[in-house]
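Trainee: I have a structure here, written as structure tokens, and I will follow up with some questions on it.
Number of protein chains: 2
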Amino acid sequence: MSLETVDGFIIDLDGTVYRGAQAIPGAKESIALLRSQGKRMVFLSNRGNISRAMCHQKLLSMGIDVPAEEILLTSTVTARYLQQHHPGSQAWVLGPDGLRDELVLAGIGLAEKPENAEWLVITLHEELTYAELNQAFRAVRNGARIIATNDDKSFPGDDGECIDVGGMIAAIVATAGQEVEVVIGKPSALMAEAALQVLGLPPQQCLVIGDSLGSDIQLGRRAGIRTALVLSGSATRLDAETAAEGPDMVWESLAELQHLLKGKEGIK
Amino acid sequence: MSLETVDGFIIDLDGTVYRGAQAIPGAKESIALLRSQGKRMVFLSNRGNISRAMCHQKLLSMGIDVPAEEILLTSTVTARYLQQHHPGSQAWVLGPDGLRDELVLAGIGLAEKPENAEWLVITLHEELTYAELNQAFRAVRNGARIIATNDDKSFPGDDGECIDVGGMIAAIVATAGQEVEVVIGKPSALMAEAALQVLGLPPQQCLVIGDSLGSDIQLGRRAGIRTALVLSGSATRLDAETAAEGPDMVWESLAELQHLLKGKEGIK
Numbered sequence: 560m561s562l563e564t565v566d567g568f569i570i571d572l573d574g575t576v577y578r579g580a581q582a583i584p585g586a587k588e589s590i591a592l593l594r595s596q597g598k599r600m601v602f603l604s605n606r607g608n609i610s611r612a613m614c615h616q617k618l619l620s621m622g623i624d625v626p627a628e629e630i631l632l633t634s635t636v637t638a639r640y641l642q643q644h645h646p647g648s649q650a651w652v653l654g655p656d657g658l659r660d661e662l663v664l665a666g667i668g669l670a671e672k673p674e675n676a677e678w679l680v681i682t683l684h685e686e687l688t689y690a691e692l693n694q695a696f697r698a699v700r701n702g703a704r705i706i707a708t709n710d711d712k713s714f715p716g717d718d719g720e721c722i723d724v725g726g727m728i729a730a731i732v733a734t735a736g737q738e739v740e741v742v743i744g745k746p747s748a749l750m751a752e753a754a755l756q757v758l759g760l761p762p763q764q765c766l767v768i769g770d771s772l773g774s775d776i777q778l779g780r781r782a783g784i785r786t787a788l789v790l791s792g793s794a795t796r797l798d799a800e801t802a803a804e805g806p807d808m809v810w811e812s813l814a815e816l817q818h819l820l821k822g823k824e825g826i827k
Numbered sequence: 560m561s562l563e564t565v566d567g568f569i570i571d572l573d574g575t576v577y578r579g580a581q582a583i584p585g586a587k588e589s590i591a592l593l594r595s596q597g598k599r600m601v602f603l604s605n606r607g608n609i610s611r612a613m614c615h616q617k618l619l620s621m622g623i624d625v626p627a628e629e630i631l632l633t634s635t636v637t638a639r640y641l642q643q644h645h646p647g648s649q650a651w652v653l654g655p656d657g658l659r660d661e662l663v664l665a666g667i668g669l670a671e672k673p674e675n676a677e678w679l680v681i682t683l684h685e686e687l688t689y690a691e692l693n694q695a696f697r698a699v700r701n702g703a704r705i706i707a708t709n710d711d712k713s714f715p716g717d718d719g720e721c722i723d724v725g726g727m728i729a730a731i732v733a734t735a736g737q738e739v740e741v742v743i744g745k746p747s748a749l750m751a752e753a754a755l756q757v758l759g760l761p762p763q764q765c766l767v768i769g770d771s772l773g774s775d776i777q778l779g780r781r782a783g784i785r786t787a788l789v790l791s792g793s794a795t796r797l798d799a800e801t802a803a804e805g806p807d808m809v810w811e812s813l814a815e816l817q818h819l820l821k822g823k824e825g826i827k
């Protein structure tokens with residue numbers, strides 16, 4: 560497929576633009592080229608434990624300047640979901656301040672006591688304490704409904720594989736005896752809709768670029784958006800070739816975008 | 560039923576002998592009377608986060624002197640189970656030092672790294688950290704089998720209902736994708752067998768006294784031991800009367816034992 564017909568790029572962050580604290584080689588230049596050509600962009604992450612301001616700073620530290628309104632984290636989309644569907648709700652957070660910041664920005668009230676919360680919002684919490692688990696448990700026992708930024712089971716950390724939101728969710732669901740009502744993260748339609756809304760474009764004019772078959776490529780396929788898998792993160796070429804629902808294209812990394820865009824220009 | 564035919568008393572601790580840090584009125588005197596009459600006793604708790612030495616000290620602080628060998632906690636029985644069925648195993652603990660002490664006393668080795676463990680032992684951990692959850696997760700991902708001291712979902716704490724071992728188990732099982740292989744706690748046959756072994760008596764000469772229909776009374780019924788429910792803990796008289804599998808007797812508290820034993824003497 561040609562990139563000429565693509566006006567909007569939905570770009571995954573972790574494993575596509577950066578890995579840990581390091582930018583993936585060529586990612587910065589590809590993003591700059593897209594911007595110079597007037598392409599629209601939105602950057603997606605299933606991370607719900609940071610705010611857009613924190614993510615903006617992280618990208619800036621790698622020399623990549625992306626305005627906060629082009630960043631869509633699950634914290635952002637969770638906050639918007641509550642604001643749109645349950646305005647005026649009081650929320651209790653099992654997670655760090657990054658998520659609280661996004662909720663407050665979207666106008667969601669934070670309950671003073673777990674017992675007062677209408678929603679328990681769960682995300683990855685790397686500073687988790689037993690007291691916080693109990694507060695979340697008591698929110699649900701007192702009637703709070705459960706929404707999770709995502710339900711990934713684990714992620715690669717600096718010192719090995721780490722428990723992700725799935726672990727925090729399970730601890731609450733198993734003890735409070737209530738299921739999760741909404742999961743926001745990729746590959747959900749909610750994340751695709753939010754991305755298309757930022758771009759202001761229909762699905763057929765867009766392309767999803769990401770490193771995960773299960774979240775990025777699935778998100779694109781379900782929403783009718785073309786997909787490119789990059790091999791700079793969790794998936795291999797073999798994964799892509801043997802996947803029941805594979806991507807439209809496979810690239811070594813986001814750097815390949817430069818050749819494709821320049822190639823297109825060269826043909827002109 | 561008469562207590563004349565009872566030679567061994569299997570007595571639950573939490574809700575029967577004490578509640579929090581307070582002895583239940585009359586419990587101390589009933590235990591003293593049993594001892595003066597030469598009755599054999601064993602004290603049971605589903606707690607797996609403390610050692611017998613810690614429990615002995617707790618009882619002593621209430622004026623109740625029970626030798627450590629008459630105390631059976633799930634930490635004790637878990638340690639014995641591993642020692643008997645999987646001698647020489649290396650264990651990793653998700654829990655506090657009380658459980659580690661019991662494992663070491665039973666001759667179980669503690670793995671130096673989670674990756675080396677053959678068993679992950681899970682119990683209530685009130686000082687839980689995210690780093691410890693990840694270590695437990697990595698033990699299982701590297702092949703450790705899971706054993707839990709108990710799988711209670713919650714318990715009444717000083718400041719409200721608290722998440723019990725069930726929450727810790729769920730966080731690991733949901734993310735590591737492996738089920739728990741053994742649960743030691745009441746009403747399991749393992750706890751009943753361990754209690755009868757301490758008493759050195761057959762089931763028909765014993766009586767289980769406890770405050771929980773689901774754990775204490777069930778333990779007795781399954782093992783063919785008579786049962787007395789005390790109303791000083793979690794169950795009410797209505798619970799006892801409407802239970803599909805109720806107790807043989809219902810007492811207000813352990814204090815009632817004194818009247819029954821004295822009554823028996825009076826008839827003689």
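Taken in sequence, the protein lines are chains A and B. First residue of the first sequence: 560, per the working numbering; consecutive thereafter. First residue of the second sequence: 560, per the working numbering; consecutive thereafter. Don't be surprised by glycine CBs; every beta carbon is placed ideally from N, CA and C. Being a predicted model, the structure only gives us computed values, none of them experimental.
In chain A, which residues lie with their C-beta within 9 Å of the C-beta of residue 659 of chain B?
Mentor: None at all; the shortest Cβ gap to chain A is about 18 Å.
Trainee: Which residue's Cα is closest to the Cα of residue 777 of chain B: B:607, B:764, B:756, B:747?
Mentor: B:747
Trainee: Output needed for residue 738 of chain A: all residues of its chain with C-beta closer than 8 Å, excluding positions within five of it in sequence on either side, in chain order.
Mentor: 705, 732
Trainee: Using only CA atoms, which one of B:773, B:782, B:768 lies nearest to residue 809 of chain B?
Mentor: B:768
Trainee: Could you say which of B:795, B:813, B:745 lies nearest to residue 632 of chain B if we only look at CA atoms?
Mentor: Ranking the options by Cα distance to residue 632 of chain B, first place goes to B:745.
Trainee: For the alpha helix (DSSP H) containing residue 662 of chain B, list its first residue and its last residue.
Mentor: 656-664
Trainee: Just tell me which of B:571, B:563, B:561, B:610 has its CA closest to the CA of residue 788 of chain B.
Mentor: B:571
Trainee: Can you tell me the Cβ-Cβ gap for residue 648 of chain A and residue 686 of chain A, rounded? I've got them flagged as a contact below 8 Å.
Mentor: Actually they do not touch by this definition, with Cβ atoms about 25 Å apart.
Trainee: Please state if the CB of residue 734 of chain A and the CB of residue 724 of chain A are separated by a distance shorter than 9 Å.
Mentor: no
Trainee: Spatial neighbours of residue 618 of chain A within its chain, please: CB distance less than 6 Å, with the 5 preceding and 5 following residues excluded, ordered by chain position.
Mentor: 625
Trainee: Going by beta carbon distance, what residues of the same chain come within less than 6 Å of residue 576 of chain A, once the five residues before and after it are set aside?
Mentor: 586
Trainee: Output, in chain order, the set of chain B residues within a Cβ distance shorter than 8 Å of residue 730 of chain A.
Mentor: 722, 726, 727, 729, 730
Trainee: Taking a contact to mean a Cβ-Cβ separation below 9 Å, would you say residue 610 of chain A touches residue 635 of chain A in this structure?
Mentor: It is a contact, given that the beta carbons lie within the stated cut-off.
Trainee: Residues of chain B with CB under 8 Å from residue 719 of chain A, in chain order?
Mentor: 693, 697
Trainee: In terms of residue numbering, what span does the alpha helix (DSSP H) encompassing residue 800 of chain B cover?
Mentor: 796-801
Trainee: Could you check what DSSP says for residue 808 of chain B in three-state terms: helix, strand or coil?
Mentor: strand
Trainee: Could you tell me how far apart the beta carbons of residue 719 of chain A and residue 697 of chain B are, in whole angstroms, since I believe they sit closer than 8 Å?
Mentor: 6 Å
Trainee: Of all the beta strand (DSSP E) runs that stay within the bounds of the stretch 611-698 of chain A, which reach a length of 3 or more residues?
Mentor: 630-632, 649-653, 678-681
Trainee: Suppose contacts are defined by Cβ-Cβ distances below 9 Å. Is residue 603 of chain A in contact with residue 814 of chain A by that definition?
Mentor: no
Trainee: Which stretch, first to last residue, makes up the alpha helix (DSSP H) that contains residue 728 of chain A?
Mentor: 724-735
Trainee: For a cutoff of 9 Å on Cβ pairs, would you count residue 599 of chain B as touching chain A?
Mentor: So no, residue 599 of chain B is outside the interface.
Trainee: Between residue 685 of chain A and chain B, is there a C-beta pair that is closer than 9 Å?
Mentor: True, the Cβ-Cβ gap to chain B drops below 9 Å.
Trainee: Verify the CB distance criterion: does residue 771 of chain A have a CB-CB separation below 9 Å to chain B?
Mentor: For residue 771 of chain A, the answer is no, since every Cβ of chain B falls outside 9 Å of its Cβ.
Trainee: Does any residue of chain A bring its CB to less than 9 Å from the CB of residue 689 of chain B?
Mentor: Under the 9 Å criterion on CB atoms, residue 689 of chain B is classed as interfacial with respect to chain A.
Trainee: Can you tell which of A:761, A:689, A:743, A:600 has the C-alpha that lies nearest to the C-alpha of residue 730 of chain A?
Mentor: It is A:689.
Trainee: Nearest to residue 573 of chain A by CA position, among A:791, A:803, A:798, A:821, is which residue?
Mentor: A:791
Trainee: Quick check: residue 751 of chain A and residue 781 of chain A, are their CB atoms within less than 9 Å of each other?
Mentor: yes
Trainee: Quick one: give me the first and last residue of the beta strand (DSSP E) that residue 767 of chain A is part of.
Mentor: 765-769
Trainee: Looking at the unbroken alpha helix (DSSP H) that takes in residue 595 of chain B, where does it start and where does it end?
Mentor: 586-595
Trainee: Do residue 667 of chain A and residue 692 of chain A have their beta-carbon atoms positioned less than 9 Å apart in this structure?
Mentor: no
Trainee: Please report how far the alpha carbon of residue 622 of chain A lies from the alpha carbon of residue 607 of chain A, in whole angstroms.
Mentor: 23 Å
Trainee: Anything in chain A within Cβ reach of residue 712 of chain B, meaning under 8 Å, just list it in chain order.
Mentor: 733, 734, 736
Trainee: If the cut is a Cβ gap below 7 Å, which residues of chain A does residue 700 of chain B touch?
Mentor: 720
Trainee: I believe residue 664 of chain B touches residue 650 of chain B by the beta-carbon criterion, under 8 Å. Please report the beta-carbon distance rounded to the nearest angstrom.
Mentor: Their Cβ separation, rounded to whole angstroms, is 13 Å, which puts residue 664 of chain B and residue 650 of chain B out of contact at 8 Å.
Trainee: Does any residue of chain A bring its CB to less than 9 Å from the CB of residue 716 of chain B?
Mentor: Interface residue, yes.
Trainee: Nearest-angstrom Cα distance between residue 701 of chain B and residue 672 of chain B?
Mentor: 11 Å
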